[in-house]
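Numbering (the working numbering), first residue to last: 1 to 90. Glycine included, every Cβ here is placed at the ideal spot set by N, Cα and C. Being a predicted model, the structure only gives us computed values, none of them experimental. So the structure is just underneath, and the comments pick up after that.
Set out below in structure tokens:
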């Protein structure tokens, strides 16, 4: 099942907290979204690249303050967020 990046971000924000640094796991998100693990991991990687999520080597993940603020904008339709420096290296 395909999963949208916004869906992953919304579930991540509900299951974690940036300010208190509360985390969740990829497994928990995958189950909550009823999606394939690989699809969720792909979206988490993209969210991390845009600094909307933070992943840890032990598998934990959390929303960032930027991710929470983006969701608070409550935008309708498409929102484009690019990686810092446009994805290019310094």
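Neighbour flag for residue i against chain B, beta carbons, 9 Å
i	result
residue 6	Looking for chain B here will not work: only one protein chain is present.
Sub-9 Å separation of residue i and residue j beta-carbons
i	j	result
residue 70	residue 52	yes
residue 47	residue 8	yes
residue 59	residue 26	yes
residue 55	residue 44	yes
residue 13	residue 68	yes
Residue from the options whose Cα sits closest to the Cα of residue i
i	options	result
residue 62	15, 6, 5	15
residue 65	44, 55, 19, 42	19
residue 35	75, 74, 11	11
residue 23	75, 6, 57, 49	57
Residue i: first and last residue of the uninterrupted alpha helix (DSSP H) it sits in
i	result
residue 40	37 to 49
residue 26	26 to 33
residue 3	It is not in any alpha helix (DSSP H) - residue 3 carries neither H nor E in the DSSP assignment.
residue 66	65 to 72
Boundaries of the beta strand (DSSP E) in which residue i is found, first to last residue
i	result
residue 53	53 to 55
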